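Since the structure comes first, as structure tokens, the remarks are kept for the end.
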Amino acid sequence: MPTVRANGQQINCAVGANLRRVLLDAGVALYNGNASLINCRSLGTCGTCAVKIDGAPGCVSEANWRDRTRRSLPPHVSDRDLRLACQTQVLGDIAVTKFDGFWGQGDRQVWTPDHADR
Ligand code: FES
29 MPTVRANGQQ INCAVGANLR RVLLDAGVAL YNGNASLINC RSLGTCGTCA VKIDGAPGCV
89 SEANWRDRTR RSLPPHVSDR DLRLACQTQV LGDIAVTKFD GFWGQGDRQV WTPDHADR
């Protein structure tokens, strides 16, 4: 059973679980500000669920076309190491970091694997 470290929590989930669902079910503030109300709810179109994921190779599913396409559009930049949580399946242990900005596109960490949001 994979462990997701996020916002100072350790969350266990099933192999293949959707990362957005795992985080929201655990009460993690996946979205910044009003993006918690104004988001596409997993369609992969808004880009506000972007997070940084660290872990061993194969710890999450490959980025699908929705993930790649949305992150290629502003304010995201495709060469940044972010992923859309709603398009990502958890396959192994991961550590997740959220950055600031409405789309989570900023440079300042909002929360990290081991530290809760401030
Ligand atoms: S919730 Fe909109 S892209 Fe993930």
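Residue numbers (my numbering): 29 to 146. Backbone N, C-alpha and C define an ideal beta-carbon position, used for all residues, glycine too. Just so it is clear, the structure is predicted and the values come from calculations on it, not from any experiment.
Buried or exposed (CB count within 10 angstroms, at least 16 for buried), residue i
i: I66; result: exposed
i: W93; result: exposed
i: K133; result: Before going on, a small fix: residue 133 reads as Gln here, not Lys. Buried is the call here.
i: L101; result: exposed
Anticipated Cβ contact below 8 Å, residue i with residue j, distance rounded
i: N35; j: W139; result: 4 Å
i: D128; j: A57; result: That belief does not hold up - the Cβ atoms of D128 and A57 are roughly 12 Å apart, past 8 Å.
Unbroken alpha helix (DSSP H) run spanning residue i, endpoints
i: R136; result: Run containing R136: none; DSSP gives neither H nor E here.
i: R98; result: W93 to R99
One or two residues paired with residue i in a DSSP bridge
i: I122; result: V32 and G83
i: Q117; result: N46
i: A144; result: Beta-bridge pairing links A144 to no other residue.
i: Q111; result: Reading off the sequence, residue 111 comes out as Arg, not Gln. Note: R111 sits in a beta bridge opposite V79.
First through last residue of the beta strand (DSSP E) which encompasses residue i
i: N40; result: Q37 to N40
Residues near ligand 1, criterion Cβ-heavy atom distance below 7 Å: Selection output, chain order preserved: R48, N67, C68, R69, S70, L71, G72, T73, C74, G75, T76, C77, R98, L112, A113, C114 and Q115.
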